[in-house]
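There are 2 protein chains.
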Amino acid sequence: MAKIQSKRNSTKKEVIIEKASRLFREKGFGAASMRDLAEHVGVEAASLYNHIQSKSEILQTICFKVANEFMTNLEAVENSSQPTLKKMEAIIRLHIRMMLEQYEFVYIADHEWRHLPEPYLSNFLNQRRSYRKRLGDIIEDGINKGEIKVIDPYTAVLVILSAISGIDSWQRSRKTTSAEALESNMVKYLIEGLKK
Amino acid sequence: MAKIQSKRNSTKKEVIIEKASRLFREKGFGAASMRDLAEHVGVEAASLYNHIQSKSEILQTICFKVANEFMTNLEAVENSSQPTLKKMEAIIRLHIRMMLEQYEFVYIADHEWRHLPEPYLSNFLNQRRSYRKRLGDIIEDGINKGEIKVIDPYTAVLVILSAISGIDSWQRSRKTTSAEALESNMVKYLIEGLKK
DNA sequence: TAAAAACACTAACGAGTGTTAGTGTGAAAT
DNA sequence: ATTTCACACTAACACTCGTTAGTGTTTTTA
Numbered sequence: 001m002a003k004i005q006s007k008r009n010s011t012k013k014e015v016i017i018e019k020a021s022r023l024f025r026e027k028g029f030g031a032a033s034m035r036d037l038a039e040h041v042g043v044e045a046a047s048l049y050n051h052i053q054s055k056s057e058i059l060q061t062i063c064f065k066v067a068n069e070f071m072t073n074l075e076a077v078e079n080s081s082q083p084t085l086k087k088m089e090a091i092i093r094l095h096i097r098m099m100l101e102q103y104e105f106v107y108i109a110d111h112e113w114r115h116l117p118e119p120y121l122s123n124f125l126n127q128r129r130s131y132r133k134r135l136g137d138i139i140e141d142g143i144n145k146g147e148i149k150v151i152d153p154y155t156a157v158l159v160i161l162s163a164i165s166g167i168d169s170w171q172r173s174r175k176t177t178s179a180e181a182l183e184s185n186m187v188k189y190l191i192e193g194l195k196k
Numbered sequence: 001m002a003k004i005q006s007k008r009n010s011t012k013k014e015v016i017i018e019k020a021s022r023l024f025r026e027k028g029f030g031a032a033s034m035r036d037l038a039e040h041v042g043v044e045a046a047s048l049y050n051h052i053q054s055k056s057e058i059l060q061t062i063c064f065k066v067a068n069e070f071m072t073n074l075e076a077v078e079n080s081s082q083p084t085l086k087k088m089e090a091i092i093r094l095h096i097r098m099m100l101e102q103y104e105f106v107y108i109a110d111h112e113w114r115h116l117p118e119p120y121l122s123n124f125l126n127q128r129r130s131y132r133k134r135l136g137d138i139i140e141d142g143i144n145k146g147e148i149k150v151i152d153p154y155t156a157v158l159v160i161l162s163a164i165s166g167i168d169s170w171q172r173s174r175k176t177t178s179a180e181a182l183e184s185n186m187v188k189y190l191i192e193g194l195k196k
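Just so you know, the sequences run in chain order R and U.
Residue numbers for the first sequence follow the working numbering, beginning at 1 and rising by one.
Residue numbers for the second sequence follow the working numbering, beginning at 1 and rising by one.
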């Protein structure tokens, strides 16, 4: 089949995307060049095109991989029959874990989606809008059932998602805080704001 | 004195910076070109250099203008003798208002500082680190005085600042929510998480 | 072992980048 | 009225960009 598996269990295309994710985060999509990327992969720039179609295909792959993962999780939570607070906690914990474990990917989907070409850009934004809407619906449902405090659902979603995505700017400057401690501290703050 | 004031009370340099802030936000610093900017100003690209020294000078001006404004406010709050919760509310409200009223500038200082050249980059990051540290100290002080709930101060700062900076991705999609409502909803959520 | 497929290489393209040099022009200062 | 100064212009330089063509080399398949 494929000639090379540069690391076990990963095709060269996957290696490229992984290296690219690091580069895109550090420099931004626009400022990261294919020659830059090629050097990190250990190959000439032109050779990259034996594995990928374009620079923007890399961005698309990353953005939609992340979007799909969140969407899948959301559906699972929606279909479960936990109390609202537990649902929200599950979602918050997944977001934090994704942020800690797949940091580069999540960061790019969060900050570099602007550079997606149409029609992917619209597609991505639609998915994001839908995700937030459904998250808001869970909260609204909880309010109606009297399970959580009366609060503007959209504001709550905004606060929760933004707070988590802010971990990026924190993490590297506070290595003393362990991942578990950070997770539980954040959950505490964010869930407390929902409790009656 | 100066020949032109393209709008009353603003020099051409200020006009350039204002137009640039819009452009940098929409496209990102790297992807926004000087020829792009020139067109918005209504002038040829080369003419911009009669007013500014370089593209990156524009970014520096914006980033440090915002940083200084926040720093000045923080000092005022530190030197005041309100209870901790009032201090935090004042800071939160200023952040939200800055986000709503000087959106482009704040957004760029938040997202495009990466492209600052040294030594400005280090300088900016030091200021940011110091700002957060001092914010954390206010919270810690409040905990010691028993005025607010026991919580990890750094996590609280992270949640608060990130939540507010997330307004950008929200605002345009929810025009129905007025600025005042958004502000009071956010303050409610964020302050509630601090109360005993 | 021969044919085929996979993939890395060099060279180059056309377009776009920030920026500088040099020049012209009209308004302000003397 | 003349000099000075602010500022817009055109042209160009020296890159860098993503990407393609074409070729050689190595590995897999038949």
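Ideal placement from N, C-alpha and C gives every residue a C-beta, glycine not left out.
Just so we're clear, the structure is a prediction, and the values are computed from it rather than from any experiment.
With 16 other Cβ atoms within 10 Å as the buried cut-off, status of U/Asp-137: Here residue 137 of chain U refers to the residue found at position 137 when the second sequence is read from its first residue. U/Asp-137 is exposed by the Cβ-count criterion.
Could you give the residue range of the alpha helix (DSSP H) that holds R/Asn-68? The sequence position of residue 68 of chain R within the first sequence is 68, counting from 1. Run containing R/Asn-68: 55-79, per the alpha helix (DSSP H) assignment.
In three-state terms, what does DSSP make of R/Ser-122? By one-based count along the first sequence, residue 122 of chain R stands at place 122. In this structure, R/Ser-122 counts as helix in the three-state DSSP scheme.
Confirm, please, whether the CB-CB distance from U/Asn-73 to U/Leu-59 is below 8 Å. As a working note, residue 59 of chain U is residue 59 in the second sequence. As a working note, residue 73 of chain U is residue 73 in the second sequence. No. Outside cutoff.
What did DSSP end up calling R/Ser-162 once you bin it into helix, strand or coil? To locate residue 162 of chain R, count along the first sequence from 1; it is residue 162. The answer is helix: DSSP assigns R/Ser-162 an H, G or I state.
Kindly list, in the order they appear in chain R, the residues whose Cβ is closer than 7 Å to that of U/Ser-162. Position 162 of the second sequence, counted from the first residue, corresponds to residue 162 of chain U. What U/Ser-162 touches in chain R: Ser-162, Ala-163, Ser-165 and Gly-166.
What is the residue span of the alpha helix (DSSP H) that R/Tyr-49 lies within? The residue given as residue 49 of chain R occupies position 49 in the first sequence. Where R/Tyr-49 is concerned, there is no enclosing alpha helix (DSSP H), given that its DSSP letter is neither H nor E.
Within 10 angstroms of its Cβ, does R/Asn-126 collect 16 or more other Cβ (buried), or is it exposed? Here residue 126 of chain R is taken as the residue at index 126 of the first sequence, counted from 1. Exposed: under 16 other Cβ atoms inside 10 Å.
Do the stretch 156-167 of chain U and the stretch 128-147 of chain U meet, that is, are 3 or more Cβ pairs less than 8 Å apart? yes
Are there 16 or more other CB atoms within 10 angstroms of the CB of U/Trp-106, so buried, or fewer, so exposed? As a working mapping, residue 106 of chain U is identified with position 106 in the second sequence. Checking the sequence, you will find Val at residue 106 of chain U rather than Trp. Answer is buried; the Cβ neighbour count reaches 16.
Proximity winner among R/Leu-37, R/Ser-81, R/Ala-32 and R/Lys-86, relative to R/Val-187 (alpha-carbon distances): Translated into positions along the first sequence, residue 187 of chain R becomes position 187. Cα-wise, what sits closest to R/Val-187 is R/Lys-86.
Assign U/Ser-162 to one of two classes, buried (16 or more other C-beta atoms within 10 Å of its C-beta) or exposed (fewer than that). As a working note, residue 162 of chain U is residue 162 in the second sequence. The residue is buried, with at least 16 neighbouring Cβ atoms inside 10 Å.
Identify, in the order they occur along the chain, each residue of the same chain with its Cβ nearer than 6 Å to the Cβ of U/Ser-165, setting aside the five sequence neighbours on each side. Taking the first residue of the second sequence as position 1, residue 165 of chain U is located at position 165. Answer for U/Ser-165: Asp-110, listed in chain order.
Enumerate in chain order the residues of its own chain whose CB-to-CB distance from U/Ile-160 is below 7 Å, with the five nearest sequence positions on each side excluded. On the second sequence, position 160 is the one that residue 160 of chain U refers to. So the qualifying residues of the chain are Ile-92 and Leu-190.
Can you tell me whether U/Lys-12 is buried or exposed? The criterion is at least 16 other CB atoms within 10 Å of its CB, across all chains shown. Counted from its first residue, the second sequence places residue 12 of chain U at position 12. By the 10 Å Cβ count, U/Lys-12 comes out buried.
With the cut-off set at 8 Å, would you say R/Gly-30 and U/Ala-31 are in Cβ contact? Stepping through the first sequence from its first residue, residue 30 of chain R is reached at position 30. Stepping through the second sequence from its first residue, residue 31 of chain U is reached at position 31. Yes; because the gap between Cβ atoms is below 8 Å, this pair is in contact.
In or out: U/Ala-20 buried (at least 16 other Cβ within 10 Å) or exposed? As a position in the second sequence, residue 20 of chain U is number 20, starting the count at 1. Counting Cβ neighbours within 10 Å, U/Ala-20 comes out buried, since at least 16 surround it.
Please state the DSSP three-state secondary structure of U/Ser-130. Within the second sequence, numbered from 1, the residue matching residue 130 of chain U stands at position 130. Helix at U/Ser-130.
Indicate whether at least one CB of chain U lies closer than 8 Å to the CB of R/Glu-39. As a position in the first sequence, residue 39 of chain R is number 39, starting the count at 1. No, R/Glu-39 lies away from the interface with chain U (no Cβ there is under 8 Å from its Cβ).
Identify the contact partners of U/Thr-72 in chain R, using a Cβ-Cβ distance below 9 Å as the criterion. The count along the second sequence starts at 1 and reaches residue 72 of chain U at position 72. Here the premise fails: no neighbours, minimum Cβ distance about 22 Å.
Helix, strand or coil, according to DSSP, for U/Ser-21 in the structure here? Within the second sequence, the letter at position 21 stands for residue 21 of chain U. Of the three classes helix, strand and coil, the one that applies to U/Ser-21 here is helix, per DSSP.
Assumed close pair U/Ser-56, U/Pro-117 - CB separation to whole angstroms, cut-off 8 Å: For the purposes of this step, residue 56 of chain U is taken as the residue at position 56 of the second sequence. For the purposes of this step, residue 117 of chain U is taken as the residue at position 117 of the second sequence. Contact flag correct, Cβ pair sits at about 5 Å.
C-beta atoms of U/Arg-25 and U/Glu-101 nearer than 8 Å: As a first step, residue 25 of chain U is located in the second sequence; it is residue number 25 there, counting from the start. As a first step, residue 101 of chain U is located in the second sequence; it is residue number 101 there, counting from the start. No; because the gap between Cβ atoms is not below 8 Å, this pair is not in contact.
Cβ of U/Lys-188 within 8 Å of any chain R Cβ: In the second sequence, the residue the question calls residue 188 of chain U occupies position 188. True, the Cβ-Cβ gap to chain R drops below 8 Å.
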